[in-house]
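A.B. asks: Attaching a single structure in structure tokens format; questions to follow.
There are 2 protein chains.
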Amino acid sequence: MKNIEIDEELYQHIVSNTQAIGENASSILRRLLKLDSSVQQSAPLNKNEIEATEQASLVEKSAADDTEIDIVEKFTSSGESVFNFINKEELAMQRGAVGRFLLILAALYRAHPRQFKVVTEICGRDRLYFAHTEAELEASGSSTKPKQIPESPFWVMTNSNTTRKKMMLTKAATSLGYTQADVEKIRELL
Amino acid sequence: MKNIEIDEELYQHIVSNTQAIGENASSILRRLLKLDSSVQQSAPLNKNEIEATEQASLVEKSAADDTEIDIVEKFTSSGESVFNFINKEELAMQRGAVGRFLLILAALYRAHPRQFKVVTEICGRDRLYFAHTEAELEASGSSTKPKQIPESPFWVMTNSNTTRKKMMLTKAATSLGYTQADVEKIRELL
DNA sequence: GATATGATCGTAGGGATACTTT
DNA sequence: ACAAAGTATCCCTACGATCATA
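Residue numbers (the numbering used here), protein chains in the order written: chain W, 353 to 542; chain U, 353 to 542.
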């Protein structure tokens, strides 16, 4: 993802062409510029079709990268990489970074429920970032805004800027054994 | 100045259209979007809007006050009711009533794109509740908080309590020809 | 300084409720 | 004066950039 700076008026023009809740700038601009979008969002695909498509492209991409064959095979054979638990549309629908953050973490947990506890070691100078209880996080700082990772017994600290949330994701994915390339992909989901 | 986040590929597309050393993003985008560099033009109609407009005028000409028969025929022949466009999980995921409200309206629009314009007649004492543009709603009151109904050319007024939002849904569903029982089901989705 | 981390506080959305109009 | 209907203010919560601190 890249950030560009544009003037107020142009910004309003883009915003006024939003066609879906939570639609991002890229999607709007691609429509306005009549560029192909990688994901066709208006097509009435059902869930199975979407999943099939996403998995296909995932395998394709990973298979092309021969330095990481071992890990790729492990993930794809067990079917347990985060990418199998990520729903792009659900992500896109989130109002802010916190929603996406939690969704990505939930996917990581679902893919690695047993190893997930290693993320517990990721923390700041004083503050804990991940824990099993809300209270632990609250006790480690002020206004940590703990949130439960959906469908998991873990909690995360949420009071940080987006940069730090990305860093947290990066560390978590790395701890769980993802390759540099996949870590990057995960980070960019936020 | 505003910052927007766009994907890598789109960024490259924009960069590759630079026409002067040091040209900024706004300037490039304005050229690509064919926007005047001094005065904001009104947003060009998108495909949906154009289609809706054409369809609307057709309906107007052919069936001015026989809307109901039209609808009944549509139900029985095509079997396209809102319930085919409602995704319960998506609904449940919404943070507040506004999100659900918009999703339900979007489903109603998808099920009845041609007849949907009848909802335009639903309004309060001064405020318009539904319209084709944000500006119309804004002009009809203060802080009306207009929101676009996703994937549709319609906008709704959003600054009301939940009770009124339910009422709006009830009226909309009724106008579109749903039975008392189905109207009730739709209302309760919110 | 320079860097890393913390957490305050400005901003925006949501919608109940107090207020206004009929 | 009272009620009903409708409006929009304003309080609350969430988010996360930015400034404070180590």
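We put the beta carbon where it would ideally sit given N, CA and C, even for glycine.
Kindly list the residues whose CB is nearer than 8 Å to the CB of W/N400, restricted to its own chain and excluding five residues on each side of it in sequence; keep chain order.
C.D. replies: Position 48 of the first sequence, counted from the start, is the residue given in the question as residue 400 of chain W. Confidence in W/N400 is poor, its pLDDT being 36 and thus under 50, which makes the residue's placement unreliable; the coordinate value appears in the next sentence. Contacts found: none.
A.B. asks: Provide the residue span of the alpha helix (DSSP H) that contains W/K469, from first to last.
C.D. replies: Position 117 of the first sequence, counting from 1, holds the residue named residue 469 of chain W. No alpha helix (DSSP H) contains W/K469, which DSSP labels as neither H nor E.
A.B. asks: Could you please give me the residues that DSSP links to U/A533 through a beta bridge?
C.D. replies: As a first step, residue 533 of chain U is located in the second sequence; it is residue number 181 there, counting from the start. For U/A533, which the question treats as bridged, DSSP gives no partner whatsoever.
A.B. asks: Tell me whether the beta-carbon of W/T370 lies closer than 8 Å to the beta-carbon of W/I356.
C.D. replies: Residue mapping note: residue 370 of chain W aligns to position 18 of the first sequence, counting from 1. Residue mapping note: residue 356 of chain W aligns to position 4 of the first sequence, counting from 1. No, these two residues do not count as a Cβ contact at 8 Å.
A.B. asks: With W/K497 as the anchor, note down where its beta strand (DSSP E) starts and where it stops.
C.D. replies: Along the first sequence, read from residue 1 onward, the residue named residue 497 of chain W stands at position 145. Neither: W/K497 is in no beta strand (DSSP E) and is coded neither H nor E.
A.B. asks: So which of W/A463, W/V450 and W/D534 has the shortest CA-CA distance to W/R516?
C.D. replies: Position 164 of the first sequence holds residue 516 of chain W. For W/R516, the nearest C-alpha among the options comes from W/V450.
A.B. asks: What did DSSP end up calling W/N513 once you bin it into helix, strand or coil?
C.D. replies: Reading the first sequence from its first residue, position 161 is the one you call residue 513 of chain W. If DSSP states are grouped into helix, strand and coil, W/N513 belongs with coil.
A.B. asks: Taking only beta-carbon atoms, is W/Y363 less than 8 Å away from chain U?
C.D. replies: Taking the first residue of the first sequence as position 1, residue 363 of chain W is located at position 11. Answer yes: the Cβ-Cβ gap between W/Y363 and chain U drops below 8 Å somewhere.
A.B. asks: Taking only the alpha-carbon atoms, compute the straight-line gap between W/H365 and W/E375 and give it to the nearest angstrom.
C.D. replies: As a working note, residue 365 of chain W is residue 13 in the first sequence. As a working note, residue 375 of chain W is residue 23 in the first sequence. Each residue's Cα considered, the two are about 14 Å apart.
A.B. asks: Three-state secondary structure (DSSP) at W/E357?
C.D. replies: Within the first sequence, numbered from 1, the residue matching residue 357 of chain W stands at position 5. Note: W/E357 maps to strand in three-state DSSP.
A.B. asks: Considering Cα atoms alone, identify which of U/Q532, U/T510, U/E503 and U/S512 is closest to U/K464.
C.D. replies: In the second sequence, the residue the question calls residue 464 of chain U occupies position 112. Reading off the sequence shown, one finds His at residue 464 of chain U, where the question assumed Lys. It is U/E503.
A.B. asks: Counting only beta-carbon atoms, is W/A458 nearer than 8 Å to chain U?
C.D. replies: Counting from one through the first sequence, the residue named residue 458 of chain W turns up at place 106. It does not; no Cβ of chain U falls within 8 Å.
A.B. asks: Assuming W/F599 is part of the alpha helix (DSSP H), what are its boundary residues?
C.D. replies: One cannot answer for residue 599 of chain W here, as it falls past the ends of chain W, which runs 353 to 542.
A.B. asks: Say whether chain W places a C-beta atom closer than 8 Å to the C-beta of U/M353.
C.D. replies: Counting from 1 along the second sequence, the entry for residue 353 of chain U is found at position 1. Yes, because at least one Cβ of chain W sits closer than 8 Å to the Cβ of U/M353.
A.B. asks: I believe W/L480 touches W/S492 by the beta-carbon criterion, under 8 Å. Please report the beta-carbon distance rounded to the nearest angstrom.
C.D. replies: Position 128 of the first sequence, counted from the start, is the residue given in the question as residue 480 of chain W. Position 140 of the first sequence, counted from the start, is the residue given in the question as residue 492 of chain W. Their Cβ separation, rounded to whole angstroms, is 4 Å, which keeps W/L480 and W/S492 in contact under 8 Å.
A.B. asks: Taking buried to mean at least 16 other C-beta atoms within 10 Å of its own C-beta, is U/D478 buried or exposed?
C.D. replies: Your numbering for residue 478 of chain U matches position 126 in the second sequence. Classification for U/D478: exposed.
A.B. asks: Rounded to whole angstroms, what is the Cα-Cα separation between W/G529 and W/F482?
C.D. replies: Along the first sequence, read from residue 1 onward, the residue named residue 529 of chain W stands at position 177. Along the first sequence, read from residue 1 onward, the residue named residue 482 of chain W stands at position 130. Cα to Cα, W/G529 sits roughly 18 Å from W/F482.
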